[in-house]
Amino acid sequence: MTKKVHGRHGARWAALQGLYAWQLSGVSISKIETDLHEGTFQEIEFSFDKPYLHELLSQISAQKSELDELITPHLDRPLNEVHAIEHAILWIAMYELKVRLEIPYKVIINEAILLAKQFGAQDSHKFINGVLDKAASQIRANEVV
Numbered sequence: 020m021t022k023k024v025h026g027r028h029g030a031r032w033a034a035l036q037g038l039y040a041w042q043l044s045g046v047s048i049s050k051i052e053t054d055l056h057e058g059t060f061q062e063i064e065f066s067f068d069k070p071y072l073h074e075l076l077s078q079i080s081a082q083k084s085e086l087d088e089l090i091t092p093h094l095d096r097p098l099n100e101v102h103a104i105e106h107a108i109l110w111i112a113m114y115e116l117k118v119r120l121e122i123p124y125k126v127i128i129n130e131a132i133l134l135a136k137q138f139g140a141q142d143s144h145k146f147i148n149g150v151l152d153k154a155a156s157q158i159r160a161n162e163v164v
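Residue numbering for the sequence shown follows our numbering, beginning at 20 and increasing consecutively.
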């Protein structure tokens, strides 16, 4: 069955798969991006924002240490104990909170929760929500009221 993913939501969906694979395989992010465009990971109808997928994969892989520094203070456990799926979701959301200021923080958190509900463990969406709520109030202090 083909999954339809569109726009930026689809780009985040594909970026999550790519970042997860990157963490586990050690394969280059450019190879993973090629595989995503070719539909290697799953049967996906690719009508999503491909330039945005490229931005997410290339920028997150380049800024991973900085993003981890933003994530770590808001965790209830050591970063190395965060599941790879949750880690990838946090990277995507933290990147968007930090760089994509035109996207409202509530949209970013909601998208992350949707990804966690679809791909994460049973209560991972609660963990993601808690971490991002705290991070957003610092990173987007002027926007969060």
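Glycine included, each C-beta is placed from N, C-alpha and C at the ideal position.
If you measure between the beta carbons of F67 and A30, is that distance less than 7 Å? Position 48 of the sequence shown, counted from the start, is the residue given in the question as residue 67. Position 11 of the sequence shown, counted from the start, is the residue given in the question as residue 30. Result yes, Cβ atoms of F67 and A30 sit closer than 7 Å.
Beta-ladder partner(s) of F67, from DSSP: The residue you call residue 67 lines up with position 48 of the sequence shown. Under DSSP, the beta-bridge partners assigned to F67 are G26.
Report yes or no: do the segment 126-141 and the segment 28-43 share at least 3 C-beta pairs separated by less than 8 Å? Because the criterion of three Cβ pairs below 8 Å is met, the segment 126-141 and the segment 28-43 touch.
Rounded separation between S47 and D95 - CA only: By 1-based counting over the sequence shown, the position of residue 47 is 28. By 1-based counting over the sequence shown, the position of residue 95 is 76. Taking the Cα positions, S47 is about 30 Å away from D95.
Determine the DSSP secondary structure at R31, reduced to helix, strand or coil. For the purposes of this step, residue 31 is taken as the residue at position 12 of the sequence shown. In this structure, R31 counts as helix in the three-state DSSP scheme.
Could you give the DSSP three-state label for I147: helix, strand or coil? Taking the sequence shown and counting its residues from 1, one reaches residue 147 at position 128. Reduced to three states, the DSSP call for I147 is helix.
For R159 and L43, what's the separation of their Cα atoms in angstroms? For the purposes of this step, residue 159 is taken as residue 140 along the sequence shown, with counting starting at 1. For the purposes of this step, residue 43 is taken as residue 24 along the sequence shown, with counting starting at 1. Their Cα atoms are separated by approximately 31 Å.
Contact check, I127 vs E115 under 8 Å by CB: the rounded distance? Position 108 of the sequence shown, counted from the first residue, corresponds to residue 127. Position 96 of the sequence shown, counted from the first residue, corresponds to residue 115. The beta carbons of I127 and E115 sit about 5 Å from each other, so the pair counts as a contact at 8 Å.
Classify G26 as buried or exposed, calling it buried when 16 or more other Cβ atoms lie within 10 Å of its own Cβ. On the sequence shown, residue 26 is found 7 positions in, with the first residue counted as 1. Exposed, since its Cβ has fewer than 16 Cβ neighbours within 10 Å.
In angstroms, rounded to a whole number, what distance separates the CA positions of F146 and E88? By 1-based counting over the sequence shown, the position of residue 146 is 127. By 1-based counting over the sequence shown, the position of residue 88 is 69. Taking the CA atoms as reference points, F146 sits about 17 Å from E88.
Say the cut is 6 Å; is the CB of E100 nearer than that to a heavy atom of the ligand FAD? In terms of ligand content, the structure shown is empty, and the ligand FAD therefore cannot be addressed.
Return the chain-ordered list of same chain residues with a C-beta closer than 8 Å to the C-beta of H73, the five sequence neighbours on each side being excluded. Looking up residue 73 in the sequence shown gives position 54. Within the same chain, Cβ atoms closer than 8 Å to the Cβ of H73 are found at E52, the five residues on either side in sequence being excluded.
What would DSSP say about I122, mapped onto helix, strand or coil? Reading the sequence shown from its first residue, position 103 is the one you call residue 122. Here I122 carries a coil assignment [DSSP, helix/strand/coil].
Is it buried or exposed, A103, if we count other Cβ atoms within 10 angstroms and call 16 or more buried? As a first step, residue 103 must be located in the sequence shown, where it is residue number 84. A103 is classed as exposed because its beta carbon has fewer than 16 other beta carbons within 10 Å across all chains shown.
In whole angstroms, give me the CA-to-CA distance for K153 and H93. Walking along the sequence shown from the start, residue 153 turns up at place 134. Walking along the sequence shown from the start, residue 93 turns up at place 74. One C-alpha to the other measures close to 6 Å.
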